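Q:
Protein chains in written order, with this note's numbering: chain U, 1 to 915; chain B, 916 to 1019.
#1: Roughly how many angstroms lie between the CA atoms of residue 283 of chain U and residue 229 of chain U, to the nearest whole one?
#2: For residue 334 of chain U, count neighbouring Cβ atoms within 10 angstroms of its own Cβ and tell me buried if that reaches 16, exposed if not.
#3: Let me know if residue 180 of chain U comes out buried or exposed under the rule of 16 or more other beta-carbons within 10 Å of its beta-carbon.
#4: Roughly how many angstroms lie between the CA atoms of residue 782 of chain U and residue 717 of chain U, to the nearest whole one?
#5: Can you tell which of U:136, U:154 and U:201 has the C-alpha that lies nearest to the C-alpha of residue 167 of chain U?
#6: Do residue 558 of chain U and residue 516 of chain U have their C-beta atoms within less than 8 Å of each other?
#7: Is DSSP giving residue 78 of chain U helix, strand or coil here?
#8: Which residues in chain B have a C-beta closer than 8 Å to the C-beta of residue 362 of chain U? List them in chain order.
#9: For residue 596 of chain U, does the count of other Cβ atoms within 10 angstroms reach 16, so buried, or fall short, so exposed?
#10: How big is the Cα-Cα spacing for residue 253 of chain U and residue 264 of chain U?
#11: Does DSSP put residue 690 of chain U in a helix, a strand or coil?
#12: When the cut-off is 8 Å and only beta carbons count, does residue 231 of chain U lie next to chain B?
#13: By alpha-carbon positions, which one of U:668, U:801 and U:664 ends up nearest to residue 715 of chain U?
#14: Report back the beta-carbon spacing between residue 293 of chain U and residue 308 of chain U to the nearest angstrom; my notes put them in contact at under 8 Å.
#15: Out of U:346, U:728 and U:720, state which residue places its alpha-carbon closest to the alpha-carbon of residue 796 of chain U.
#16: Label residue 301 of chain U either buried or exposed according to how many other C-beta atoms from any shown protein chain fall within 10 Å of its C-beta, with 16 as the threshold for buried.
#17: Going by alpha carbons, who is nearest to residue 692 of chain U out of U:670, U:704 and U:73?
#18: Using a cut-off of 7 Å between C-beta atoms, extract the partners of residue 171 of chain U located in chain B.
#19: Suppose contacts are defined by Cβ-Cβ distances below 8 Å. Is residue 737 of chain U in contact with residue 704 of chain U by that definition?
#20: Is there a Cβ of chain B sitting closer than 8 Å to that of residue 208 of chain U, yes or no?
#21: Measuring CB atoms only, is the stretch 87-97 of chain U touching the stretch 121-135 of chain U, in the sense that at least three cross pairs come out at less than 8 Å?
#22: When the Cα atoms are used, what is the spatial distance from residue 206 of chain U to residue 171 of chain U?
#23: Just the Cα atoms here: how many angstroms apart are residue 138 of chain U and residue 80 of chain U?
#24: Does the beta carbon of residue 940 of chain B sit closer than 8 Å to a beta carbon anywhere in chain U?
#25: I'd like the span of the alpha helix (DSSP H) that includes residue 182 of chain U, first residue to last.
#26: How is residue 1005 of chain B classed by DSSP in three states: helix, strand or coil?
#27: Which residues of chain U have a Cβ atom closer than 8 Å to the Cβ of residue 1013 of chain B, listed in chain order?
#28: Taking only beta-carbon positions, decide if residue 416 of chain U is within less than 8 Å of chain B.
#29: Under 7 Å Cβ to Cβ from residue 392 of chain U, same chain only, skipping five residues before and after it: list those, please.
#30: Would you call the CB atoms of residue 686 of chain U and residue 708 of chain U closer than 8 Å?
#31: Could you tell me the alpha carbon to alpha carbon distance between residue 338 of chain U and residue 987 of chain B, rounded to whole angstroms?
#32: Roughly how many angstroms lie between the CA atoms of residue 220 of chain U and residue 233 of chain U, to the nearest whole one?
#33: Verify the CB distance criterion: does residue 962 of chain B have a CB-CB separation below 8 Å to chain U?
#34: When you compare only the Cα positions, how much space is there between residue 286 of chain U and residue 316 of chain U?
#35: Does the contact criterion of 3 or more C-beta pairs under 8 Å hold for the stretch 453-468 of chain U versus the stretch 483-490 of chain U?
#36: Using 8 Å as the Cβ pair cut-off and three pairs as the minimum, do the stretch 1003-1015 of chain B and the stretch 970-986 of chain B touch?
What follows is the structure in structure tokens.
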């Protein structure tokens, strides 16, 4: 129904209701129509009623209706019609003129006739009431200050004109540049003036430009909401960073854009969007997206596309469908290099192979777009850096040969992959090659070589080293690699050739010198193993003796130790004590001499030889034992030989470490710990890490040591130690140590945690906060005893490390998981077949049995078992060692507990076998 | 997906006050300028950040790595406003009055 017809009907409903009498409800209905701003119907009804009755009451009612009608016309911009109606009403009802003065002013104001409006103010005898009404009108309706300042009906010195003129100047000044306080003091405008809101607004604007935002807000509070300048409160508030409830009008938008790029207006919308993203609720998220994109389009159009790209990326991660999010942002975002890079960075942090594959494809898309957009050219340094990054990603892809690398569904369906072969991207080799061609940097070749060494044959790795040598003829590293590779294959002559080439390049390079010593030492040991002492002496020992010292006394000691072994092999009982004394004199320690001789003898398969010098350990003090051992181990390290600790030395050394005032410094402690670790003496290595952490000074290294010493059933502690060590190494700018820690983490990732571990730590994505590092350090310092399976508690810092969960029984029990690690399907039918997790006799079952048996074993045997498990010995082997072939029967129930029938659910890993 | 906490290092280009496309000479000059501005004895923290920024940008390879991989998809969306003109521009009274005229 049309509005006109509706109004007519409303009026007709009343006019037809009575004849000559006023129904009681009629005035009420008319007032109701006036109140609800149905002015036309109200006028019709009131006219009809007044025509019928013609009383003073009906006239007043009619005038009310007319007034409402004229107001509505003015509100709708129908100033001409309002003026005509007002004249007509004034002519018919002269008594109404006084009550229509305000409307006349409105009409005059809309006509720009301010003169007429303010003219009464010139009269000195103007009533207070009229003055107030005019001033209220000026305050609420007059925005044209220049016109007010120029009204001819008031004298130039009239306060209103002077105030308006001052405000015009101040407004212009304050919006055009920095102003002094006296410009905005505006003493011409009093607090009670009709123009006082303008004064407050001008001061608010001045504070806004001075970045005195609090003062700005306070001034804005002094601007009445119904005053003329109040319309600027909303955009100003938005520019101060307060959320606006609805979109801007065109003028507001222009103002915000012109003043400051609109970032203030957009900020609250982005905050709301962040909250919606965090809440992970679809509808509020999509709504917040729409609002943010709309405001951004209005206020910050420059970043609109970037915002849309970021929203898509973040939303995809939250699992919102592409269609929904693209609809919310108003279409598919621009798929430029920036976008593909954003997507690639998003997906590459996900350890899942599918996500990694997506990341790989997105990086390739990025590469193509970046080349097209001239970020870089093919074969540029950037291309090499990017390809190296992609190669490392490809390394993390599933090694499953049947895993198919499918390109992701592109956002733009018609996007041509243009020969982007999944198989090519899957190959780290292709990517490494591309990387090294574009950027033949040692790091790139090193990474390629490392990969080839791990995943390809020695020939392939040697080829990489050859390529490296060709690309960078001045590098010694590929030569040293080729030397080591040839040495491993027993190609001693080839190995020497490479060494000589490296020496030609850089004879003084410590790495080359150390490599030479190691090669000669290795060759000498090989000859000793073959019993060819004359060859060992002439071909290697004499050359070792001719080497410049790598460190003080190192070369001479090694040569004498080798000559001692030659004497032992030859059975030269005169030379043996002579060489032994010489060695002791050189090293200044009987313990060092013994450890070195024993280590070399073990390498040369002579450790059972009765001619080897012996040592009575009890004769030596703790200091002598510890310093002597560390000296020998350090010597071996320097020559590239991991000297094992002599058999049976772990406990005496542990006792020596337990002495108060430990006699060795952190550096020696570290050498001892590393030596113990490489000898498999985990208890000693752990004790060294505890002593080192207690001493302080090399926390990163000792945490790294501890991480490697900890048993595999304490993955959270391992992770904590590695991550804290990595963070400390970064802070110390110890790149070498950081690299070692990362390598170890990558290795552990392969072994224990899967790629989740890599995501948080090895990728370096999440540095550990300083507080957590301190917490880890303190907790690990307090853990001075080697952990015991089933008794050690999980670390308190574990929950702060992320999702990696400790798999020990205590942690699993704490998490409410069944100790066996089975599913939690308690409602499984008891008649269902129980499928064992692993076949009887496998490690996990044996480990369970061992754990249950621990409490029943004598303390000494129990400790040995725990130590063996902690060392990583297979449980079956431990059980065989302890019980022989007669494995004791398992208790039917744990001590003090009632036997419980296990109703395990089907282990997920075996479910596939059912089909 | 395991999402790490967002951490955003300060932009080395911004620290040195050079544009993203600045070359070796510009970076070196900016570094020397900043050193004068923040000598290590008086402003150790600022000096540290200037040195870190220079360490990152002086080597072309590291600079490329930064350029390629510095974008953080998990960065707060508000970070998009960084680098946009945060200046409060003086526009004259016209756009301000236009708002009032529109609301009339």
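Just so it is clear, CB atoms sit at the ideal spot from N, CA and C, and this is done for glycine as well.
For clarity, every value in this text was computed on a predicted model and none was experimentally measured.
A: Concretely, from the data shown:
#1: 38 Å
#2: exposed
#3: exposed
#4: 13 Å
#5: U:201
#6: no
#7: coil
#8: Here the premise fails: no neighbours, minimum Cβ distance about 11 Å.
#9: buried
#10: 12 Å
#11: helix
#12: yes
#13: U:801
#14: 6 Å
#15: U:720
#16: exposed
#17: U:670
#18: 1008
#19: yes
#20: yes
#21: no
#22: 9 Å
#23: 21 Å
#24: no
#25: 181-185
#26: coil
#27: 251, 254 and 255
#28: Any reading at residue 416 of chain U needs caution, since the residue's pLDDT is 45, under 50, leaving its predicted position unreliable; the model's value is listed next. No, no contact with chain B.
#29: 447
#30: no
#31: 11 Å
#32: 7 Å
#33: no
#34: 12 Å
#35: yes
#36: no
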